[in-house]
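Let me begin by presenting the structure, written as structure tokens, before commenting on it.
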Amino acid sequence: MNRFSDVHSTTPWPKGALHVKMATTKAKEEEKGSEATNRTSTKRHHKKEEDEEDPSVTEAEVLRLKNRGYTLSKKLSQGCSAKIYLTNYTRTNKADIIMACKVIDKKNGEPKFITKFLPREVTVLSELSNPHCVQIYSILEIKSKCFVFMRYAENGDLLDYLTKHGAVEESHARMWMRQLLLAVRYLHSKRIAHRDIKCENVLITDNLNAKLADFGFARYWVDPQGEEVLSETYCGSLSYAAPEILRGHPYSPKKCDIWSLGIVFFVMLNLAKPFSKNKAAQLLQQQLEKNYRFRSKTISSGAKELIRSMLEPNQDIRPLAEVLLNVPWMKEDELLLKLVPDPLHPSPSNQKEISYEQEGTYTKMKQLSRSSYQQNSAINPYGTKS
């Protein structure tokens, strides 16, 4: 299936996320309210039927999972190739853990996804170990189904969060961008490219930390001899696709990851995507002309410059994550550098002594992220921290 058909990529941004005042009369509002009530009632009815008839997991599979300590409960979301369930993991003499479980049915999946992308995803997931990528607890295969148990994101994905809360302040966007750039740099250092970075694939935890997720289109960007290999699969979501993808030419997946993350960064601050066209040819023209504008008047020149560098149409001069992590805007907040340390450039300070309470000027960040980087860890079934 062409992921360019992703609903969030080809339809207008959800109205609930936009700061737009619509002039409506009281009569129209009452009429809409009545219609909304009827639609809600119908949706609840269909949802109940759907939940009761959900055939994704059989009773035999449920029993086998329970024997391993996993109990699947409500369905959280559904994509073109998998369903996500809230899951409880029971441990002997230890507290239970709430997880998310991605269920992939190989019988019902598209042949290309099952034979090409799924094996890649499983291989990539087995190699990941980074606090800014979603933590994978275990992967089980039962007959034709693959069960991927991962960290549960209490605040959903970034799209959900922005739709509910609106654009974030620049200081908070800086924190998320640092975390995501560290995740992307880690992937690239492992010779892996994500190739599907978008708001829906950034998860937000209870402590409001960002974690990169969904590696269904990830692939290695080198061959067995260590030489860089260009990608020829035009996957991803249209509005996050780089110009070189829209041109239909082989492309560097690392540089495309940076472009997509630039779109995510723009959305964080503007609550809108930079390019409005939903047809490839028109979208490409907008990208090449750098035809976008910043919606918010409070965005600093440093943040704007970072976005411009990430949304550079010429991939040859588009910087990689290591360069972006070291631009002045990313290093303005000294406390953030200590709370979200760079493993390649560790701070000499003792991180355990750092707290939000010690910084009177950091009150707003305290409200946005209620615990330090080191405190934001969930214990997995194998006793390690994420």
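The sequence shown begins at 1 in full-length UniProt numbering and counts up by one. C-beta atoms are modelled at their ideal positions from N, C-alpha and C, and glycine is treated no differently.
For Pro-319 and Glu-227, the rounded distance between their alpha carbons: When only Cα atoms are considered, Glu-227 and Pro-319 end up about 20 Å apart.
Closest Cα partner of Asp-105 within the set Leu-344, Ile-299, Ile-97 and Val-148: Residue Val-148 is the option with its Cα nearest to Asp-105.
Cβ-based burial, Lys-116 [other Cβ within 10 Å; buried from 16]: So Lys-116 counts as exposed.
Burial state of Gln-287 (16 or more Cβ within 10 Å): Its Cβ being crowded by 16 or more others within 10 Å, Gln-287 is buried.
Residues that DSSP places opposite Val-103 in a beta bridge: DSSP, once it has assigned bridges, lists Lys-83 and Phe-147 as partnering Val-103.
For Asp-257, the three-state DSSP class (helix, strand or coil): Helix, per DSSP.
Between the CA atoms of Ala-218 and Leu-230 - distance to the nearest angstrom: Going from the Cα of Leu-230 to the Cα of Ala-218 covers about 13 Å.
Beta-carbon proximity list for Trp-259, same chain, < 6 Å, skipping 5 on both sides: Closer than 6 Å at the Cβ level, and outside the excluded window around Trp-259, lie Ala-242.
Validate contact between the segment 188-195 and the segment 141-156 using beta carbons, cut 8 Å, 3 pairs: The count of Cβ pairs closer than 8 Å, one atom from the segment 188-195 and one from the segment 141-156, stays below three, leaving the stretches out of contact.
Residue burial classification, Gly-166 (beta-carbon count within 10 angstroms, cutoff 16): Only exposed fits Gly-166, as fewer than 16 other CB atoms lie within 10 angstroms of its CB.
Residue range of the unbroken alpha helix (DSSP H) whose run includes Tyr-161: Counting along the chain, the alpha helix (DSSP H) containing Tyr-161 begins and ends at 158-165.
Candidates Lys-143, Leu-125 and Pro-274, of which the one nearest Met-310 by Cα: Among Lys-143, Leu-125 and Pro-274, the Cα nearest to that of Met-310 belongs to Pro-274.
Thr-298, buried or exposed, once every other Cβ within 10 Å from all chains shown has been counted against 16: So Thr-298 counts as exposed.
Nearest candidate by alpha-carbon position, reference Val-124, set Ile-136, Arg-295 and His-132: Comparing Cα positions, the closest option is Ile-136.
Which listed residue (Asp-316, Gly-69, Pro-250 and Glu-334) has its alpha carbon closest to that of Leu-140: When only C-alpha atoms are compared, the closest one is Gly-69.
Cys-235, DSSP secondary structure in three states: Coil.
From Glu-312, Leu-306 and Pro-313, residue whose alpha carbon lies closest to that of Pro-328: Measuring from the Cα of Pro-328, the nearest candidate turns out to be Leu-306.
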